[in-house]
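One structure is given below, encoded as structure tokens.
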Amino acid sequence: MSREVDRHASAEQTLEILHEISQLLNTQLDKETLATCVNMIESGVNPEALAAVIQELRRESAVATSPSGYSANGR
Numbered sequence: 001m002s003r004e005v006d007r008h009a010s011a012e013q014t015l016e017i018l019h020e021i022s023q024l025l026n027t028q029l030d031k032e033t034l035a036t037c038v039n040m041i042e043s044g045v046n047p048e049a050l051a052a053v054i055q056e057l058r059r060e061s062a063v064a065t066s067p068s069g070y071s072a073n074g075r
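For the sequence shown, UniProt numbering assigns the number 1 to the initial residue and increments by one for each residue that follows.
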């Protein structure tokens, strides 16, 4: 059981360090989102593709929350 506890503590510490780095780089990812991204990458998702998806989602979110709600191209 101690081995499992150590593994969990190590994972938490790693996530904390990654979150601090993430904040320094101004990624605007909260801990939960960062953990999800790490899990996806560990499962084989291409990190560059994941970053591109996050950037596109942010662009779409910005358009959706803009005062007009739509961009010039109808998106």
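All residues carry an ideal CB built from backbone N, CA and C; glycine is no exception.
{"Query": "Rounded C-beta distance between Leu-50 and Cys-37? I'm assuming under 8 Å.", "Result": "6 Å"}
{"Query": "For residue 112, which three-state DSSP category applies?", "Result": "Since the displayed the chain opens at 1 and closes at 75, residue 112 lies outside it and no answer follows."}
{"Query": "For Thr-65, which of helix, strand or coil comes out of DSSP?", "Result": "coil"}
{"Query": "Short of 7 Å in beta carbon distance, which residues of its chain neighbour Met-40, apart from the five on each side in sequence? Order them along the chain.", "Result": "Leu-50"}
{"Query": "Express the C-alpha separation of Ser-2 and Ala-52 in angstroms, rounding to a whole number.", "Result": "39 Å"}
{"Query": "From this set, Ala-64, Ala-62, Gln-13, Pro-47, which residue's C-alpha is nearest Lys-31's C-alpha?", "Result": "Gln-13"}
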